[in-house]
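Peer 1: Each residue of the sequence shown is one higher than the last, beginning at 1 in the UniProt record's numbering.
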Amino acid sequence: MLKSKTFLKKTRAGGVMKIVREHYLRDDIGCGASGCAVCDGAHEGPVLELQPLDRASSLCPQPHYLLPDTNVLLHQIDVLEDPAIRNVIVLQTVLQEVRNRSAPVYKRIRDMTNNQEKHFYTFTNEHHRETYVEQLQGENSNDRNDRAIRVAAKWYNEHLKNMSAENRLQVIFITNDRKNKEKAIEEGIPAFTCEEYIKSLTANPELIDRLACLSEEGNEIESGKTIFSEHLPLSKLQQGIKSGTYLQGTFRASRENYLEATVWVHSDDEDNKEILLQGLKNLNRAIHEDIVAVELLPKHQWVAPSSVVLQDEGQNEDDIEKEEERECILKTAVNEKMLKPTGRVVGIIKRNWRPYCGMLSKSDIKESRRHLFTPADKRIPRIRIETRQASTLEGRRIIVAVDGWPRNSRYPNGHFVKNLGEVGDKETETEVLLLEHDVPHQAFSQAVLSFLPKMPWSITEKDMKNREDLRHLCVCSVDPPGCTDIDDALHCRELENGNLEVGVHIADVSHFIRPGNALDQESARRGTTVYLCEKRIDMVPELLSSNLCSLRSNVDRLAFSCIWEMTHNAEILKTRFTKSVINSKASLTYAEAQMRIDSAAMNDNITTSLRGLNKLAKILKKKKKKKK
């Protein structure tokens, strides 16, 4: 079935263009449920289990699948990633909305749909004849998408009635939108909020800790006192930035003083490139790396950067007077020349929150569920979380995500994400280090590994085309002890004309990684190999880094070579570059190479090559020092 959408578009020249887009509807798209006789043979890839008995819900005792809306996927992704949550239907409508609103969350969802153990099924409802809905006149796109999700949920429940009585399943619609939930119930669709459903999972009480707190009212401090000024809406911020009333920049918190920060302004104005912020109220709930709008204070209110070291001691949230006393310490008498342009945050343009590693600071109040989390990064404020696992998590490294920061709360609200392990444990602290510095260290996915060459691998005649055969040269490598990823090798020999030939040979990784494929994209994302004590995080899979792209001794390897003809005084006469094939004659450590250079008894080709390279290196170093 074919539907078409027609709309008019104004061209740059001022004309009007009629655009017609075709939208195909099909009736052969499977529901994804195992054992569905109607859709048998229509499934591709991982599908929903026939009997999803892994979660016992007091609200939905019978076997069921989950169908979340867009906001649940966006805000409760940490809950959905838990192994206890399986058999979830992700609608095309929802996936498209998530993709437009958050690329990181979209990637996490795609990872779950590719994980066969999670049984997340993507249903293309926008191309299914019975679930596609057209936008009604006067209906906005958000309401249309909400209706499309309800239509798909209702269709699923009707469709699954075709299954046998012992295998009959229900589809539960999960939404935090009150109106959407009410409409779904009116239409006969079982619907619950994410919190209601998670709290009903009696076998998995730990999931409650992973719920994102979206309501600012629910976690306000008891006093209800307003601490911070209200953030201006984005429309007003944009107008103010355009008119020059406000300045836009990146918020950078201080490691030494939690009451001080700077904003690096995104403009060419050198006089106001860096704005100083002092005091809790002027920081106004901004978190390190947020994009903020700041208002410049009058010159008589400008201050100088403080030399005082202040760390947040996690004091009582109601005791703001103590906070103000601490702020007074910052304001000391200074020379007028030391004053810096000073401002205050008036609004947040873009939040750049991420999951934070740190430790739980358990509350002194007995039986309290509310505790403070202290991030490992001192630039991040403490985060208030609610957890029932405080005794278990004490003395552990954990991950916490920020949910929001109400005006009348001293600290932002967040939720528990993951327990990394015991404080001081080598593996745990290494994990913290990698996470805090945003080093990608997950295992390579099957999609990436599928682009690796099949073993056993050997150089073919096709590979030799347009390559120079340099296997006859006395090439060697010099690396630290235990190095397996040997990416460069060298040679030096005397030519018949009396000059020296020096070659540097780099492993030709480009032969194995083609532009744009999953292996190329993952390597680009990682950017480099990261070396830690007793551990290495590879940029490319081990088959390449430690084998096929490692210039090990006595094996043929593809390389890219740079070859110079030089005088004995290290003057370059000729330079050429070529793709090559080499066969390293020795993989040496630094100590072994030095021993060969120093030993009068050794005069073989490798040793002669090393001495020649060493001599040239000393001459070049001497020339470099003279130029300075």
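Every residue gets a Cβ at the ideal spot worked out from N, C-alpha and C, and that includes glycine.
CB-CB under 6 angstroms to L616, same chain, minus the five flanking residues each way: which ones, in chain order?
Peer 2: To locate residue 616, count along the sequence shown from 1; it is residue 616. Contacts found: A570.
Peer 1: Cα-Cα, which of P305, K535 and M359 is closest to M338?
Peer 2: Locating residue 338 in the sequence shown gives position 338, where the first residue counts as 1. Nearest of P305, K535 and M359 to M338, Cα basis: P305.
Peer 1: If the criterion is Cβ atoms closer than 8 angstroms, does the pair V171 and E256 meet it?
Peer 2: If you number the sequence shown from 1, residue 171 lands on position 171. If you number the sequence shown from 1, residue 256 lands on position 256. No. Outside cutoff.
Peer 1: State whether the segment 611-625 contacts the segment 514-532, with contact taken as three or more CB pairs (one from each stretch) at a distance under 8 angstroms.
Peer 2: Short answer: they don't touch.
Peer 1: Hey, D463 and L551: beta-carbon distance below 8 angstroms or not?
Peer 2: Position 463 of the sequence shown, counted from the start, is the residue given in the question as residue 463. Position 551 of the sequence shown, counted from the start, is the residue given in the question as residue 551. Contact: no.
Peer 1: Count the other C-beta atoms from every protein chain shown that fall within 10 angstroms of the C-beta of S445, then say buried if there are 16 or more, exposed otherwise.
Peer 2: The residue given as residue 445 occupies position 445 in the sequence shown. Exposed.
Peer 1: Measuring only the C-alpha atoms, how far is I77 from S587?
Peer 2: One-based indexing of the sequence shown puts residue 77 at position 77. One-based indexing of the sequence shown puts residue 587 at position 587. The straight-line gap from Cα to Cα measures roughly 48 angstroms.
Peer 1: Nearest to L276 by CA position, among H288, Q51 and R252, is which residue?
Peer 2: Counted from its first residue, the sequence shown places residue 276 at position 276. Of the candidates H288, Q51 and R252, R252 places its Cα closest to the Cα of L276.
Peer 1: Express the C-alpha separation of K418 and T428 in angstroms, rounding to a whole number.
Peer 2: Along the sequence shown, one-based indexing puts residue 428 at 428. Along the sequence shown, one-based indexing puts residue 418 at 418. Straight-line Cα distance between these residues: approximately 12 angstroms.
Peer 1: On the criterion of 16 or more Cβ atoms from any shown chain inside 10 Å, does N219 qualify as buried, or is it exposed?
Peer 2: As a working note, residue 219 is residue 219 in the sequence shown. Low local confidence applies: a pLDDT of 45 at N219 is under 50, so the model's placement there is unreliable, with the coordinate-based value given in what follows. When all chains shown are included, N219 counts as buried.
Peer 1: Is the separation between the beta-carbon of G35 and that of N167 shorter than 8 angstroms?
Peer 2: Taking the first residue of the sequence shown as 1, we reach residue 35 at position 35. Taking the first residue of the sequence shown as 1, we reach residue 167 at position 167. For G35 and N167, yes; Cβs fall inside 8 angstroms.
Peer 1: Counting Cβ pairs closer than 8 angstroms, one from the segment 365-381 and one from the segment 296-303, do we hit at least three?
Peer 2: no
Peer 1: For H159, which residues does DSSP report across the bridge?
Peer 2: The residue given as residue 159 occupies position 159 in the sequence shown. BP columns for H159 are empty, so no partner.
Peer 1: Take D469 as the anchor and find which of A559, V423 and L434 has the nearest alpha-carbon.
Peer 2: On the sequence shown, position 469 is the one that residue 469 refers to. That would be A559, whose Cα lies nearest to the Cα of D469.
Peer 1: How far does the alpha helix (DSSP H) with G240 in it reach, from first residue to last?
Peer 2: Residue numbering aside, residue 240 sits at position 240 when the sequence shown is read from its first letter. Counting along the chain, the alpha helix (DSSP H) containing G240 begins and ends at L234 to S243.
Peer 1: Can you name the residues that DSSP bridges to T250?
Peer 2: Taking the sequence shown and counting its residues from 1, one reaches residue 250 at position 250. Paired residues: W264 and I291.
Peer 1: Counting pairs of beta carbons, one from the segment 90-108 and one from the segment 143-157, are three or more of them closer than 8 angstroms?
Peer 2: yes
Peer 1: Out of curiosity, what's the CA-to-CA distance linking residue 696 and C328?
Peer 2: Coverage of the chain is limited to positions 1 through 628, which leaves residue 696 absent and any answer about it impossible.
Peer 1: From the DSSP output, which residues share a beta bridge with C562?
Peer 2: Translated into positions along the sequence shown, residue 562 becomes position 562. Partner(s): V504 and F577.
Peer 1: Start and end of the alpha helix (DSSP H) containing R178?
Peer 2: Against the sequence shown, residue 178 aligns to sequence position 178. Segment R178 to E186, the alpha helix (DSSP H) holding R178.
Peer 1: From G249 to H75, what does the alpha carbon distance come to, in whole angstroms?
Peer 2: Against the sequence shown, residue 249 aligns to sequence position 249. Against the sequence shown, residue 75 aligns to sequence position 75. Going by the C-alpha atoms only, they are around 26 angstroms apart.
Peer 1: Considering only DSSP beta bridges, list what V400 is partnered with.
Peer 2: If you number the sequence shown from 1, residue 400 lands on position 400. DSSP, once it has assigned bridges, lists Y356 and F416 as partnering V400.
Peer 1: How many angstroms separate the CA atom of S545 from the CA atom of V509?
Peer 2: In the sequence shown, the residue the question calls residue 545 occupies position 545. In the sequence shown, the residue the question calls residue 509 occupies position 509. C-alpha separation (whole angstroms): 9 angstroms.
Peer 1: Ends of the alpha helix (DSSP H) at A103?
Peer 2: Here the question's residue 103 lines up with position 103 in the sequence shown. A103 to N114 is the extent of the alpha helix (DSSP H) around A103.
Peer 1: By the three-class DSSP mapping on this structure, what secondary structure does Y65 have?
Peer 2: Indexing the sequence shown from 1 puts residue 65 at position 65. Correct three-state label for Y65: strand.
Peer 1: If L613 sits next to L495, beta carbons under 8 angstroms apart, how far is it from one beta carbon to the other, in whole angstroms?
Peer 2: In the sequence shown, counting from the first residue as 1, residue 613 sits at position 613. In the sequence shown, counting from the first residue as 1, residue 495 sits at position 495. Their Cβ separation, rounded to whole angstroms, is 15 angstroms, which puts L613 and L495 out of contact at 8 angstroms.
Peer 1: Report yes if the C-beta distance between T202 and S58 is below 8 angstroms; otherwise report no.
Peer 2: On the sequence shown, position 202 is the one that residue 202 refers to. On the sequence shown, position 58 is the one that residue 58 refers to. In this structure, the beta-carbon distance from T202 to S58 falls below 8 angstroms.
Peer 1: Distance check for G395 and I606, CA to CA, integer angstroms please.
Peer 2: As a position in the sequence shown, residue 606 is number 606, starting the count at 1. As a position in the sequence shown, residue 395 is number 395, starting the count at 1. Approximately 55 angstroms, taken between the alpha carbons.
Peer 1: Should N180 go down as buried or exposed, given a rule of 16 or more other Cβ atoms within 10 Å for buried?
Peer 2: For the purposes of this step, residue 180 is identified with residue 180 of the sequence shown, where counting begins at 1. So N180 counts as buried.
Peer 1: Leaving out five residues on either side along the sequence, give the residues of the same chain with a beta carbon under 6 angstroms from the beta carbon of C549.
Peer 2: Mapped onto the sequence shown, residue 549 falls at position 549. Here the set comprises A507 and V509.
Peer 1: By the 10 Å Cβ neighbour count, where 16 or more other Cβ atoms means buried, how is T37 classified, buried or exposed?
Peer 2: Within the sequence shown, numbered from 1, the residue matching residue 37 stands at position 37. It should be noted that the sequence gives Ala, not Thr, for residue 37. Answer is exposed; the Cβ neighbour count stays below 16.
Peer 1: I'd like the span of the alpha helix (DSSP H) that includes S609, first residue to last.
Peer 2: Position 609 of the sequence shown, counted from the first residue, corresponds to residue 609. Where S609 is concerned, the enclosing alpha helix (DSSP H) stretches over N605 to K627.
Peer 1: Taking a contact to mean a Cβ-Cβ separation below 8 angstroms, would you say G414 touches I380 in this structure?
Peer 2: Within the sequence shown, the letter at position 414 stands for residue 414. Within the sequence shown, the letter at position 380 stands for residue 380. Going by C-beta atoms, G414 is not nearer than 8 angstroms to I380.
Peer 1: Please confirm if the segment 345-356 is in contact with the segment 287-300, defined as three or more CB-CB distances below 8 angstroms between the two stretches.
Peer 2: yes
Peer 1: Give me the Cβ distance between A153 and I185, rounded to the nearest whole Å; I'm assuming they're in contact under 8 angstroms.
Peer 2: Counted from its first residue, the sequence shown places residue 153 at position 153. Counted from its first residue, the sequence shown places residue 185 at position 185. The Cβ separation is near 11 angstroms, so there is no contact.
Peer 1: Going straight from the alpha carbon of P453 to that of H266, what length do you get?
Peer 2: Sequence index remark: in the sequence shown, residue 453 carries index 453 (1-based). Sequence index remark: in the sequence shown, residue 266 carries index 266 (1-based). Cα-Cα distance, rounded: 46 angstroms.
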